[in-house]
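The structure appears right after this line, and notes come after that.
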Amino acid sequence: VGISIDSVSLPDSEENSLYARYGNFNNSRLAIDSELVRNIDIVRGSDSLNFGSGSLGGHVNYHTLEAYDLIEENKHFGGLFRSGYSSKNREWTNTVGLAYANEVIDTIFVYSQRYGHEMKSAGGNTHVQSEGYYDTPRDIARRAEIGAARITPDPSTHKNHSYLAKLGWNIIPGHRLGLSVSGQNNSNYIDEKSYSLTTYWREA
Numbered sequence: 035v036g037i038s039i040d041s042v043s044l045p046d047s048e049e050n051s052l053y054a055r056y057g058n059f060n061n062s063r064l065a066i067d068s069e070l071v072r073n074i075d076i077v078r079g080s081d082s083l084n085f086g087s088g089s090l091g092g093h094v095n096y097h098t099l100e101a102y103d104l105i106e107e108n109k110h111f112g113g114l115f116r117s118g119y120s121s122k123n124r125e126w127t128n129t130v131g132l133a134y135a136n137e138v139i140d141t142i143f144v145y146s147q148r149y150g151h152e153m154k155s156a157g158g159n160t161h162v163q164s165e166g167y168y169d170t171p172r173d174i175a176r177r178a179e180i181g182a183a184r185i186t187p188d189p190s191t192h193k194n195h196s197y198l199a200k201l202g203w204n205i206i207p208g209h210r211l212g213l214s215v216s217g218q219n220n221s222n223y224i225d226e227k228s229y230s231l232t233t234y235w236r237e238a
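Shown next as structure tokens:
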């Protein structure tokens, strides 16, 4: 499946060092923060004619925010402030944005920060209880705490920074010049309890 942002294609693959056969710790594709997105186009099936190679199984195109998404009608300035909390991974999301537009130029800047932890386990916890027993049977819990058979997610803390900046110039009616810059800086600290010393598998 091909992925693009504002019709600019992202790399088809990304090499990561894997500690287990299924890549427990690393994403295999680049992504964009949903706080910077206004809508998404999803195309099913092969569409290499419109999106180029890499779209054999379909294509996803993210459209990022425009200045007029933040500005009310008949206004020149607009702003955005949004904060949210997700209980599934104890994540806080904070987003701020500013925009300006007139008949000739328009510009927007958006910044988003995420701070959270690992996802909650839907299968229950396997931590030792005060009386010395596990929530699940002892033989399963021992294997589930350490190694590739671990049931619960590895403890982790992540902090993600994303930004989007756009500048548009309406030269003459029907002709427009635009510049768009977006990026992200992510950090993720993981207590790799599911790491297996017997696994030295690496995949590109």
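Anchor point for the sequence shown: position 37 equals 71 in the numbering used here, and the numbering is continuous, going up by one each time. Think of the CB as a built atom: it goes at the ideal place given N, C-alpha and C, for glycine as much as any other residue.
Pick from the options: whose alpha carbon is nearest that of residue i?
i, options, result
"serine 38", "Asn220, His97, Val215, Gly212", "His97"
"leucine 64", "Leu90, Asn95, Asn73", "Asn95"
"asparagine 73", "Ser80, Glu107, Ser41", "Ser41"
"aspartate 75", "His93, Ile66, Glu69", "His93"
"valine 144", "His151, Glu152, Tyr134, Gly208", "Tyr134"
"glutamate 152", "Ser117, Ile185, Ile205", "Ile185"
"serine 117", "Gly79, Glu69, Tyr102, Asp103", "Glu69"
"glutamate 226", "Gly181, Ser155, Asn84", "Gly181"
"leucine 198", "Val71, Pro45, Val35", "Val71"
"arginine 210", "Leu201, Pro45, Tyr119", "Leu201"
"serine 121", "Ala101, Trp203, Asn204, Tyr149", "Tyr149"
"histidine 217", "Val35, Gln147, Ser80, Val77", "Per the sequence presented here, residue 217 reads as glycine, with histidine not at that position. Selected option, being the one with the closest Cα: Gln147."
"asparagine 108", "Glu137, Ser80, Arg78", "Glu137"
"serine 43", "Leu213, Tyr119, Ala101, Asn84", "Asn84"
"tyrosine 102", "Gly208, Arg124, Gly131", "Gly131"
Classify residue i as helix, strand or coil using the three-state DSSP reduction.
i, result
"leucine 70", "helix"
If contacts are defined as beta-carbon pairs under 8 Å, then residue i and residue j qualify, I think. What distance do you get, rounded to the angstrom?
i, j, result
"asparagine 33", "histidine 195", "No answer is possible for residue 33: the residues shown for the chain start at 35 and end at 238."
"leucine 114", "threonine 127", "Rounded, the Cβ-Cβ distance is 13 Å, inconsistent with contact."
"isoleucine 224", "serine 190", "4 Å"
"leucine 99", "isoleucine 142", "6 Å"
"serine 155", "proline 187", "6 Å"
"glycine 91", "leucine 104", "The Cβ separation is near 34 Å, so there is no contact."
In terms of DSSP beta bridges, what is residue i paired with?
i, result
"alanine 156", "Alanine 156 is not bridged to any residue."
"tyrosine 149", "Trp126, Lys193"
"isoleucine 205", "Paired residue(s): none; isoleucine 205 is not in a bridge."
"arginine 210", "Asn204"
"glycine 36", "His93"
"arginine 184", "In DSSP, arginine 184 forms no bridge with anything."
"asparagine 219", "His195"
"serine 43", "Ser38"
"aspartate 75", "Asn95"
"aspartate 140", "Ala135, Gly202"
With 8 Å as the threshold, decide whether the Cβ of residue i is near any Cβ in chain D.
i, result
"tyrosine 134", "Included in the structure is just one protein chain, with no chain D present."
What are the complete beta strand (DSSP E) segments, minimum 3 residues, inside the stretch 86–137?
92–98, 111–120, 125–135
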